[in-house]
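> Residue numbers (this note's numbering): 565 to 916. We treat Cβ as the ideally placed atom computed from N, Cα and C, and that holds for glycine. Could you have a look at this structure, given as structure tokens, before my questions?
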Amino acid sequence: MLYAKIKKEFNNFKLDVEFETNGETLALLGASGCGKSMTLKCIAGVEKPDEGQIILNNRVLFDSKKKINLLPQRRKVGLLFQSYALFPNMTLKQNIAIGVPKKQKNKEEIIDEKIRAFSLEGLENNYPHQLSGGQQQRVALARMLVNEPEILMLDEPFSALDEHLRWQMEQELISILKAHKGSTLYVSHNKDEVYRICDKVAVFNNGKIEEINHKEILFNHPTTYTTAILTGCKNIFRARKISDNKVYVIDLGVELICNHAVKENVKYIGIYTHNLKLSSNDKSENTFKFNILDVVNNLFSYILVLSSIGKDDMDSNFKIYMEISEDEFNGIKDKQSVYLHFNKEHILLLND
Numbered sequence: 565m566l567y568a569k570i571k572k573e574f575n576n577f578k579l580d581v582e583f584e585t586n587g588e589t590l591a592l593l594g595a596s597g598c599g600k601s602m603t604l605k606c607i608a609g610v611e612k613p614d615e616g617q618i619i620l621n622n623r624v625l626f627d628s629k630k631k632i633n634l635l636p637q638r639r640k641v642g643l644l645f646q647s648y649a650l651f652p653n654m655t656l657k658q659n660i661a662i663g664v665p666k667k668q669k670n671k672e673e674i675i676d677e678k679i680r681a682f683s684l685e686g687l688e689n690n691y692p693h694q695l696s697g698g699q700q701q702r703v704a705l706a707r708m709l710v711n712e713p714e715i716l717m718l719d720e721p722f723s724a725l726d727e728h729l730r731w732q733m734e735q736e737l738i739s740i741l742k743a744h745k746g747s748t749l750y751v752s753h754n755k756d757e758v759y760r761i762c763d764k765v766a767v768f769n770n771g772k773i774e775e776i777n778h779k780e781i782l783f784n785h786p787t788t789y790t791t792a793i794l795t796g797c798k799n800i801f802r803a804r805k806i807s808d809n810k811v812y813v814i815d816l817g818v819e820l821i822c823n824h825a826v827k828e829n830v831k832y833i834g835i836y837t838h839n840l841k842l843s844s845n846d847k848s849e850n851t852f853k854f855n856i857l858d859v860v861n862n863l864f865s866y867i868l869v870l871s872s873i874g875k876d877d878m879d880s881n882f883k884i885y886m887e888i889s890e891d892e893f894n895g896i897k898d899k900q901s902v903y904l905h906f907n908k909e910h911i912l913l914l915n916d
């Protein structure tokens, strides 16, 4: 188990986070510069927090009050940087070997086993500049794992790879993480990648953890504006409570009936593009007429860009985005407006 409570101020930025994880893959999801990478560096011992405590499997790695700050090599932590940080003047085999503890007896056997496990045979004498991006990443992972770390920490490991190689490496990484018995921290700003790889998600925003939960709950029922944005919600509008199950959507000028109790602190409503549905009329609840401003042709679907009747200015900030199939588009492609149904089960009630 990892427990971390960290405070650190740097370059007028304040990091203040507290979380724990136990044998799972926890994503640190957030925009660039929100403190994700600094959190990993503090846990690894690369950076020293101003105050706080870091405990890994009952070992105290850092405690500001007790003046404990273990050296990185004593922490049993594996950290994979975005750049992989391979030594350019060392061969592939030497780069892996440097990660093996000095007192390890069967060093050569361990190195050869990792070379085979990561399909790097025949490249042992190559230098990093002679390796592809995927090969470099596998070397970095192998070097990290030969030290048998108690926790793995990956800082946007696929950022330098093309889409096809990214998918291949992602599948390999998922297999590695399943075999790893300890916890993993996974830094990313890619929501799809996070959902496929991780078990839980901690949403970072401006140096703080805004929300943490199992991925299915967090992606389907975010509770804050930032979390909704990071999980891909394109439709977020200002709202205020009318009653226990109803809100007034200020930006759209409509009232919506909600499936969940509306709290006093609700500030926004959100709904994912795929959860909006077309209707033949506005006779049912939560169904309203909207103008079609534009149509975006995706690879396998269409995105309708809509606005409320009377709010059809192309410069308006209050556009609604709806994803529909080709068959649905063929049924409305000659129309200038559509009836849109907001399923009350899919309306997100969001606070700041």
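(1) Would you report the Cα separation of Ile662 and Gly597, rounded to the nearest angstrom?
(2) Could you check whether Lys572 and Pro613 sit closer than 7 Å to each other, using their CB atoms as the reference points?
(3) At what residues does the beta strand (DSSP E) containing Thr585 begin and finish?
(4) Would you mind working out which of Lys899, Leu868 and Asp898 sits nearest Ile888, comparing C-alpha positions?
(5) On the criterion of 16 or more Cβ atoms from any shown chain inside 10 Å, does Pro665 qualify as buried, or is it exposed?
(6) Below 7 Å between beta carbons: does that hold for Pro692 and Pro652?
(7) Cα-Cα, which of Glu714, Trp731 and His753 is closest to Ala743?
(8) Hey, Glu584 and Lys569: beta-carbon distance below 7 Å or not?
(9) Check for me: the alpha helix (DSSP H) holding Gly895 runs from which residue to which?
(10) Say yes only if the C-beta of Asp846 is nearer than 6 Å to one or more non-hydrogen atoms of the ligand MN, and no if none qualify.
(11) Can you name, in chain order, every residue of its own chain whose Cβ lies under 8 Å from the Cβ of Glu773, other than the five neighbours on each side?
(12) Quick check: Leu718 and Tyr750, are their CB atoms within less than 7 Å of each other?
(13) Report all residues from its chain with a CB closer than 8 Å to the CB of Ala649; omit the five preceding and five following residues, and keep chain order.
(14) Under 8 Å by Cβ, that's how I've got Phe801 and Ile833 pegged, so tell me the actual separation to the nearest angstrom.
(15) According to DSSP, what are the bridge partners of Asp528?
Taking the geometry as given:
(1) Here residue 662 is taken as the residue at index 98 of the sequence shown, counted from 1. Here residue 597 is taken as the residue at index 33 of the sequence shown, counted from 1. About 31 Å.
(2) The sequence position of residue 613 within the sequence shown is 49, counting from 1. The sequence position of residue 572 within the sequence shown is 8, counting from 1. In contact: Pro613 and Lys572 (Cβ atoms closer than 7 Å).
(3) Within the sequence shown, residue 585 is the residue found at index 21, counting from 1. Per DSSP, Thr585 belongs to the beta strand (DSSP E) from Phe577 to Thr585.
(4) Along the sequence shown, one-based indexing puts residue 888 at 324. Of the residues Lys899, Leu868 and Asp898, the one whose Cα lies closest to the Cα of Ile888 is Leu868.
(5) Stepping through the sequence shown from its first residue, residue 665 is reached at position 101. Burial state of Pro665 is exposed, judged by a 10 Å Cβ sphere holding fewer than 16 other Cβ atoms.
(6) In the sequence shown, the residue the question calls residue 692 occupies position 128. In the sequence shown, the residue the question calls residue 652 occupies position 88. Their beta carbons are under 7 Å apart, which means Pro692 touches Pro652 by this criterion.
(7) Numbered from 1 along the sequence shown, position 179 holds the residue referred to as residue 743. Among Glu714, Trp731 and His753, the Cα nearest to that of Ala743 belongs to Glu714.
(8) The residue given as residue 584 occupies position 20 in the sequence shown. The residue given as residue 569 occupies position 5 in the sequence shown. Glu584 places its beta carbon 7 Å or farther from that of Lys569.
(9) The count along the sequence shown starts at 1 and reaches residue 895 at position 331. Unbroken alpha helix (DSSP H) run through Gly895: Glu890 to Ile896.
(10) Absence of the ligand MN from the depicted structure is noted, as is the absence of any ligand whatsoever, leaving it without description.
(11) In the sequence shown, residue 773 corresponds to position 209, counting from 1. Checking the sequence, you will find Ile at residue 773 rather than Glu. For Ile773, the CB contacts under 8 Å within the same chain, skipping 5 residues up- and downstream, are Val581, Glu582, Phe583, Ala766 and Val767 in chain order.
(12) Numbered from 1 along the sequence shown, position 154 holds the residue referred to as residue 718. Numbered from 1 along the sequence shown, position 186 holds the residue referred to as residue 750. For Leu718 and Tyr750, yes; Cβs fall inside 7 Å.
(13) The count along the sequence shown starts at 1 and reaches residue 649 at position 85. Around Ala649: Ala704.
(14) Counted from its first residue, the sequence shown places residue 801 at position 237. Counted from its first residue, the sequence shown places residue 833 at position 269. Contact holds; Cβ gap of about 6 Å.
(15) Because the chain here runs from 565 to 916, residue 528 falls outside it and cannot be looked at.
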